[in-house]
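See below for the structure under consideration.
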Amino acid sequence: MQIEKMIAKKDRTISCPICQKSVAKTFRPFCSKRCADVDLSRWLNGHYAIPVTEEDGGIPTPFADGEGDK
Ligand SMILES: [Zn+2]
-7 MQIEKMIAKK
3 DRTISCPICQ
13 KSVAKTFRPF
23 CSKRCADVDL
33 SRWLNGHYAI
43 PVTEEDGGIP
53 TPFADGEGDK
């Protein structure tokens, strides 16, 4: 079973695709649940068109309104 050996070897050197830290078995291929969640949200955002309800006032103003000028 050479293939199994190769896979096992590959697993050992794998690092978290989010933060490059060493991977925990529990959260493979991620180092932690946090990174798994990050990747999951990225994946979901990229592959599914989730209807997002935009909230008013949630967008930051790109420029100042002249306030604070003297
Ligand atoms: Zn990580």
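Under the working numbering, the first residue of the sequence shown carries the number -7, and numbering increases by one thereafter.
All C-beta atoms in this analysis are idealised placements derived from N, C-alpha and C, irrespective of residue type, glycine included.
Report buried or exposed for residue i, applying the criterion of at least 16 other Cβ atoms within 10 angstroms of its Cβ.
i: C27; result: buried
Between residue i and residue j, what straight-line distance do the alpha-carbon atoms span, to the nearest angstrom?
i: C23; j: D31; result: 11 Å
i: P21; j: N37; result: 19 Å
i: K13; j: S33; result: 19 Å
i: I6; j: K25; result: 16 Å
i: K(-3); j: C8; result: 21 Å
i: F19; j: D29; result: 10 Å
i: K17; j: W35; result: 21 Å
Nearer than 6 Å: is that true of the beta carbon of residue i relative to any heavy atom of ligand 3?
i: I6; result: Judged by which ligands are present, ligand 3 is missing from the structure shown, whose ligands are ligand 1.
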